[in-house]
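When we follow our numbering, the leftmost residue of the sequence shown carries the number 930, and every step to the right adds one. Down below is the structure, laid out as structure tokens.
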Amino acid sequence: MSSLSQAVQNSDVRQLGINPNHWYVVALSSEVTNKPMGVTIWQQAIALYRDSTGKIHALEDRCPHRQVKLSHGQVMGNELECAYHGWRFNSGGECAVVPHLAENQKLPNCKIRRYPVKEQDGFIWLFPGNVEPSVEPLGLPEWEHLNYIATVSVINCNAHYSYLIENLMDMYHGHLHQDLQAWAEASLQDIDEDNNRVDAHYVAQSYYKIDKIWSISQLFIPALRRLHLEPLDVSYIYPHWVSTLGKDFKIYCLLCPVNETQTKAYLIHFTSLNAFWRLHKLPVWFRRFVKNSLFGAAQKLLDGLVVQDVQMIEEEQQAYLQNPQRRNYELNRALVSVQRLMKSQVDLG
Ligand code: FES
Ligand SMILES: [Fe+2]
């Protein structure tokens, strides 16, 4: 490739790689059992499994014997056993058992790659970089906190991750969601940015005000909603996204870019119960019961938003693949900052 076309390609945000030296989210904690699970992060197939003590491990999803998928095998104690001939690998990726070894044969020296992995706040965080991690996972303190009700929606879209992040950072697309009444009339006030994050500060009209215990029913009963002005902050904290709307809502989008045209992500919506001081005086078991019973309270809203966003994002990707030379008319300066951050992170990685 000539250096000119290389430069053009590097400047095209739709063909960017990722900075692998961050923690990405590859699964919900509840998805990983003692049956191995195959996941993919940026073209790398990985087998996740929970060992007999409940600890999570992540190995390259490839049996070095004949290159089949280890995730189709089974967990034996703390080892992962290949389905084909039963070779076993320990959590360090070393071959630990080969059935039918002849007496004069030694275990083959065929180590596979292991990935640093952590289970934290309801999710499995994986570090795909080639160096030892020097950063911590983003984390979601609200996941366990008794004052927050969680709803999770999974995003699977056939598009480069940049389209998803731009969608999430551009609050002017409330237009698309008019019928779902998530927010309205956003207006960008200010942007803060550094090498790791972009914080875009908007104000917007919110439909919800969670100040009485029954206000939660606004999530399902539109007639109870009242438009009022609230700060709407959206942050791209590479590689993930976090947003707060007023004091009542916090939303995370945890990314798992699969490849150049496929992105998986977990959208987690938290409704705050902070305003109900009476509730906070009740016994912990009861508060946990309230939290668990209301899990998924915003499911219809969240799933509805995802369907609408994914359709737009995938259309953008298709249009790009058909006419990559076409330029967009970008008027939201937050997106300029977002693209700058994506590019600079890839250069770092
Ligand atoms: S291919 Fe895995 S044990 Fe033979
Ligand atoms: Fe949206």
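C-beta: ideal position from N, C-alpha, C; glycine also.
Quiz item: At a cut of 8 Å, does the stretch 963-970 reach the stretch 1096-1115 through at least three beta carbon pairs?
Solution: no
Self-check item: Three-state class that DSSP yields for residue 1051 in the structure shown
Solution: coil
Quiz item: Do residue 1078 and residue 1205 have their C-beta atoms within less than 9 Å of each other?
Solution: no
Self-check item: DSSP-derived helix/strand/coil call for residue 1167
Solution: coil
Practice problem: Could you please give the first and the last residue of the uninterrupted beta strand (DSSP E) stretch that includes residue 1112? | Solution: 1112-1122
Self-check item: Those residues which DSSP pairs with residue 1150 across a bridge
Solution: DSSP, once it has assigned bridges, lists no residue as partnering residue 1150.
Quiz prompt | residue 990, enclosing alpha helix (DSSP H) - first and last residue | solution = Segment: none, residue 990 is in no alpha helix (DSSP H) and carries neither H nor E.
Practice problem: Confirm the yes/no value for this check: CB of residue 1013, any heavy atom of ligand 1, distance under 8 Å. | Solution: yes
Exercise. Provide the residue span of the beta strand (DSSP E) that contains residue 1010, from first to last.
Key: 1008-1010
Exercise. Below 6 Å CB to CB, which residues in the same chain sit around residue 1148 once its five sequence neighbours on both sides are set aside?
Key: 1226 and 1227
Quiz prompt | DSSP state of residue 1142 mapped onto helix, strand, coil | solution = helix
Quiz item: What residues are listed by DSSP as bridge partners for residue 1188?
Solution: 1191
Self-check item: Option in 1161, 1168 and 1188 with minimal Cα separation from residue 1175
Solution: 1161
Quiz item: By a C-beta neighbour count over all protein chains shown, 10 Å radius and 16 as the cutoff for buried, is residue 938 buried or exposed?
Solution: Any reading at residue 938 is ruled out, since the residue's pLDDT is 48, under 50, leaving its predicted position unreliable.
Quiz item: Less than 9 Å separating the beta-carbons of residue 993 and residue 1053?
Solution: no
Practice problem: Reducing DSSP to helix, strand and coil, say where residue 1245 ends up. | Solution: helix
Exercise. Kindly give me the distance between the Cβ atoms of residue 1044 and residue 1184, rounded to whole angstroms, as I take these residues to be in contact under 8 Å.
Key: Actually they are not in contact, since the Cβ atoms of residue 1044 and residue 1184 sit about 16 Å apart, beyond 8 Å.
Quiz item: Cβ-heavy atom distance between residue 1102 and ligand 2 below 8 Å?
Solution: yes
Quiz item: Does at least one heavy atom of ligand 2 sit under 8 Å from the Cβ of residue 1237?
Solution: yes
Self-check item: Rounded C-alpha distance that separates residue 934 from residue 1247
Solution: At residue 934, the pLDDT of 46 sits below 50, so the modelled position is not reliable; the number obtained from the coordinates is stated separately. Approximately 22 Å between the Cα atoms of the pair.
Self-check item: residue 930 versus residue 1065 - alpha carbon distance
Solution: Because residue 930 carries a pLDDT of 42, less than 50, the predicted location of this residue cannot be relied on, and the following value inherits that uncertainty. Each residue's alpha carbon lies about 37 Å from the other.
Quiz prompt | Whole-number beta carbon distance between residue 1000 and residue 967, since they are thought to touch under 8 Å | solution = 3 Å
Quiz item: In angstroms, rounded to a whole number, what distance separates the CA positions of residue 1252 and residue 1271?
Solution: 22 Å
Self-check item: DSSP bridge partner residues for residue 1179 (one or two, in chain order)
Solution: 1173 and 1199
Quiz item: Mind checking whether residue 1234 and residue 1116 have CB atoms under 9 Å apart?
Solution: no
Quiz item: From residue 1137 to residue 980, what distance separates their C-alpha atoms?
Solution: 43 Å
Practice problem: Compute the distance between the beta-carbons of residue 1120 and residue 1266, then report whether it is under 9 Å. | Solution: yes
Quiz item: By how many angstroms is the C-alpha of residue 990 removed from the C-alpha of residue 1231?
Solution: 32 Å
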